[in-house]
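Those protein sequence lines, which keep their order, are chains X and P. First residue of the first sequence: 3, per the working numbering; consecutive thereafter. First residue of the second sequence: 38, per the working numbering; consecutive thereafter. Data first, discussion second: the structure below is written as structure tokens.
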Amino acid sequence: MKPAPFEYHAPDTLADALDVLAQLGAEATPLAGGQSLAPLMNLRLARPLNIVDLNRIESLSSVRVEGDLLEVGALVRHSVMERSDDVYRAFPVGRVVAAFIGYPAIRHRGTVVGSIAHADPAAEWPCVALAFDAEITLARAGSTRTVPADGFFKTMLTTVREPDELITQVAFSTTFDSWGFHEFARRYGDFAVIAAAVAARVSDGIVTEARISLAGAGDRPMRLLGAEAVLTGRSLDGDSAVAVAQASVDLVEPLGDIHGSAGYRKDLVGVAVERAVVDAANRGG
Amino acid sequence: MKVNGKETTREVDPRRLLVDFLRHDLQLTGTHVGCEHGVCGACTVLFDGETVRSCIMFAVQADGHEVETVESLADGPDDLHPIQVAFWENHGLQCGFCTPGMLMATKELLEENPDPAEEEIRIALAGNICRCTGYVHIVSAVRAAAAGMAAERMS
Numbered sequence: 003m004k005p006a007p008f009e010y011h012a013p014d015t016l017a018d019a020l021d022v023l024a025q026l027g028a029e030a031t032p033l034a035g036g037q038s039l040a041p042l043m044n045l046r047l048a049r050p051l052n053i054v055d056l057n058r059i060e061s062l063s064s065v066r067v068e069g070d071l072l073e074v075g076a077l078v079r080h081s082v083m084e085r086s087d088d089v090y091r092a093f094p095v096g097r098v099v100a101a102f103i104g105y106p107a108i109r110h111r112g113t114v115v116g117s118i119a120h121a122d123p124a125a126e127w128p129c130v131a132l133a134f135d136a137e138i139t140l141a142r143a144g145s146t147r148t149v150p151a152d153g154f155f156k157t158m159l160t161t162v163r164e165p166d167e168l169i170t171q172v173a174f175s176t177t178f179d180s181w182g183f184h185e186f187a188r189r190y191g192d193f194a195v196i197a198a199a200v201a202a203r204v205s206d207g208i209v210t211e212a213r214i215s216l217a218g219a220g221d222r223p224m225r226l227l228g229a230e231a232v233l234t235g236r237s238l239d240g241d242s243a244v245a246v247a248q249a250s251v252d253l254v255e256p257l258g259d260i261h262g263s264a265g266y267r268k269d270l271v272g273v274a275v276e277r278a279v280v281d282a283a284n285r286g287g
Numbered sequence: 038m039k040v041n042g043k044e045t046t047r048e049v050d051p052r053r054l055l056v057d058f059l060r061h062d063l064q065l066t067g068t069h070v071g072c073e074h075g076v077c078g079a080c081t082v083l084f085d086g087e088t089v090r091s092c093i094m095f096a097v098q099a100d101g102h103e104v105e106t107v108e109s110l111a112d113g114p115d116d117l118h119p120i121q122v123a124f125w126e127n128h129g130l131q132c133g134f135c136t137p138g139m140l141m142a143t144k145e146l147l148e149e150n151p152d153p154a155e156e157e158i159r160i161a162l163a164g165n166i167c168r169c170t171g172y173v174h175i176v177s178a179v180r181a182a183a184a185g186m187a188a189e190r191m192s
């Protein structure tokens with residue numbers, strides 16, 4: 003099908019974009035990569051009255067290391083995370099995770115921030131944002147606020163963003179000593195059935211802080227605080243991975259759908275977390 | 038915007054998809070419309086040199102940019118691109134519906150990786166669906182195209 007008619011706004015600056023959002027509020031929908039929004043419009047599952055195309059706003063294409071953070075602007079494509087050596091040096095998980103998203107043609111267009119804004123519970127970046135203690139910056143005409151990923155995702159496809167706000171960047175912490183990621187998908191490029199991300203601070207071989215998050219295990223990406231507590235104080239190794247995996251399974255009640263039943267997903271949570279912790283152990287720290 | 042090297046100016050409705058603009062407004066019907074939601078890859082074109090799905094972009098977004106379609110590969114049937122020759126000779130197409138997307142994705146792959154392994158070819162083309170299921174021949178065609186392009190560079 004074809005999209006329903008809409009008004010098209012293509013501001014050149016962030017200030018102009020925020021003005022449009024201030025005027026139109028819920029009647030406006032920001033467009034970055036459009037790799038989720040345009041399909042929804044073609045299927046008429048979304049019928050925005052106004053599209054605010056961000057692609058002319060050059061300042062949003064910036065990705066840079068600022069102190070302990072990797073700041074990723076709203077127009078940074080998955081392929082930049084995958085290919086940029088500067089990104090890789092500061093945030094190597096970015097390259098690993100980007101390669102799981104769709105196909106080259108999707109990664110050239112789709113954006114990290116768009117994925118976080120869309121908040122598909124099975125998507126990779128929201129899960130990584132939780133594990134890597136990300137901060138999400140929301141701007142509206144005249145003010146900005148920063149929300150930790152922990153408080154950002156409300157439910158399926160729903161975040162704390164207000165209609166007149168634009169997510170201008172996500173900033174991932176680059177300070178973790180070790181990390182791991184594991185994803186199960188039906189086919190290469192599909193959304194995760196279950197994915198797990200682990201980020202840890204390690205001192206003298208002992209985990210002093212751990213963050214573990216899942217995609218595909220519920221109505222939103224989620225952290226597993228109970229499993230993080232199990233990992234904290236242990237060494238990063240196979241025995242810890244098994245203990246953390248068992249704790250993780252007991253913490254989740256996944257939803258079943260066409261891609262995997264609730265029980266299958268629950269099993270996969272254990273395997274994904276175990277392999278993500280082993281991945282982190284292999285990367286050292 | 039520039040399409041296949043030619044400056045092009047048109048006024049379009051905002052909801053005009055890039056693929057429909059290419060096919061209906063410019064009569065470049067080589068690019069195919071398959072699933073219309075970014076899954077099948079038949080509509081793949083190069084946008085500023087990188088593959089994109091033209092069914093999930095709006096034509097207005099191409100303002101000021103450069104688009105290359107499958108028509109850019111050859112001037113006519115007597116002057117086929119080595120990738121097209123390889124698909125022809127290796128039975129890399131059956132019904133031909135997915136072919137424009139396969140060719141453009143292959144072009145990007147071989148420009149980045151002139152001698153890809155089978156696994157790399159399969160990953161690069163994973164987003165292009167062939168409902169005739171002719172993948173074995175398509176992979177052979179890409180390998181032959183890599184060899185053909187290497188030979189062309191040598192000569």
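Yeah, the Cβ is synthetic: ideal placement off N, Cα and C, and Gly gets one too.
query: Let me know if X:S215 comes out buried or exposed under the rule of 16 or more other beta-carbons within 10 Å of its beta-carbon.; result: buried
query: Run the CB neighbour count on X:I108, radius 10 Å, all protein chains shown included, and call it buried at 16 or more, exposed below.; result: buried
query: What does P:R168 reach in chain X if we use C-beta pairs closer than 8 Å?; result: Near P:R168 there are no residues of chain X at all, since even the closest Cβ is about 15 Å away, more than 8 Å.
query: If you measure between the beta carbons of P:F134 and P:H61, is that distance less than 8 Å?; result: no
query: Could you tell me whether the Cβ atoms of X:A131 and X:V172 are closer together than 8 Å?; result: yes
query: Beta-carbon of P:Q131 versus every beta-carbon of chain X: anything under 8 Å?; result: no
query: Mind pulling the chain X residues with CB within less than 9 Å of P:V104?; result: Going along chain X, no residue has its Cβ under 9 Å from P:V104, so there is no contact; the nearest lies around 13 Å.
query: Give me the residue from X:V204, X:S263 and X:E164 with the minimum Cα distance to X:L20.; result: X:E164
query: Go ahead and pull the three-state DSSP assignment for X:V232.; result: helix
query: Below 8 Å between beta carbons is the criterion; list the residues of the segment 83 to 95 of chain P that meet it against any residue of chain X, in chain order.; result: F84, E87, T88, V89, R90, C92, I93, M94 and F95
query: For my contact list, X:A243 and X:V204 are in at a C-beta cut-off of 8 Å; report their separation, rounded to the angstrom.; result: About 14 Å separates the two Cβ atoms, so there is no contact after all.
query: If we count the other Cβ atoms within 10 Å of its Cβ and call it buried at 16 or more, is P:P119 buried or exposed?; result: buried
query: Taking only the alpha-carbon atoms, compute the straight-line gap between P:L95 and X:D55 and give it to the nearest angstrom.; result: For clarity, residue 95 of chain P is Phe in the given sequence; the question names Leu instead. C-alpha separation (whole angstroms): 10 Å.
query: Is DSSP giving P:H74 helix, strand or coil here?; result: coil
query: List the DSSP bridge partners of X:P32.; result: X:V54
query: Whole angstroms are fine: how far does the CA of X:L140 sit from the CA of X:L72?; result: 16 Å
query: To the nearest angstrom, how far is it from the Cα of X:T146 to the Cα of X:R46?; result: 32 Å
query: Leaving out the 5 sequence neighbours to the left and right, which residues in its chain are closer than 6 Å to X:R296 when beta-carbon positions are compared?; result: Since the displayed chain X opens at 3 and closes at 287, residue 296 of chain X lies outside it and no answer follows.
query: Is any beta-carbon of chain X found at less than 8 Å from that of P:G75?; result: yes
query: Is the segment 155 to 168 of chain P in contact with the segment 101 to 117 of chain X, if contact means three or more CB pairs nearer than 8 Å?; result: yes
query: Is the closest heavy atom of the ligand NAD to the C-beta of P:G164 under 7 Å?; result: Only the bare structure without any ligand can be found here, which leaves the ligand NAD out of the picture.
query: Taking a Cβ distance cut-off of 9 Å, strictly less, list which residues of the segment 41 to 54 of chain X are near chain P, in chain order.; result: P41, L42, M43, N44, L45 and I53
query: I'd like to confirm the pairing. Which residues does DSSP put opposite X:R66 in its beta bridges?; result: X:E73
query: So with Cβ pairs under 8 Å, would you call P:T68 a contact of chain X?; result: no
query: Does the beta carbon of X:Q37 sit closer than 8 Å to a beta carbon anywhere in chain P?; result: yes
query: According to the Cβ coordinates, are X:A202 and X:D239 closer than 8 Å?; result: no
query: So who's on the other strand from X:L168, going by DSSP bridges?; result: X:A141
query: Could you confirm whether any beta carbon from chain P is found closer than 8 Å to the beta carbon of X:H80?; result: no
query: Please classify P:M144: is it buried, with 16 or more other beta-carbons within 10 angstroms of its beta-carbon, or exposed?; result: Note on residue identity: the sequence assigns Lys, not Met, to residue 144 of chain P. That one is buried.
query: Let me check understanding here. Comparing Cα to Cα, which of P:R190, P:R168, P:K39 and P:I175 lies closest to P:A142?; result: P:I175
query: Could you confirm whether any beta carbon from chain P is found closer than 8 Å to the beta carbon of X:M83?; result: no
query: Can you give the beta carbon distance from X:A197 to X:A217, rounded, assuming they're within the 8 Å contact cut?; result: 4 Å
query: Secondary structure at X:V149, three-state DSSP: helix, strand or coil?; result: strand
query: Using a Cβ-Cβ cutoff of less than 7 Å, which residues in the same chain neighbour X:H120 once the five nearest sequence positions on both sides are dropped?; result: S38 and L159
query: Does any CB atom of chain X fall closer than 8 Å to the CB of P:L63?; result: no
query: Return the CA-CA distance between X:V78 and P:D50, expressed in angstroms with no decimal places.; result: 27 Å
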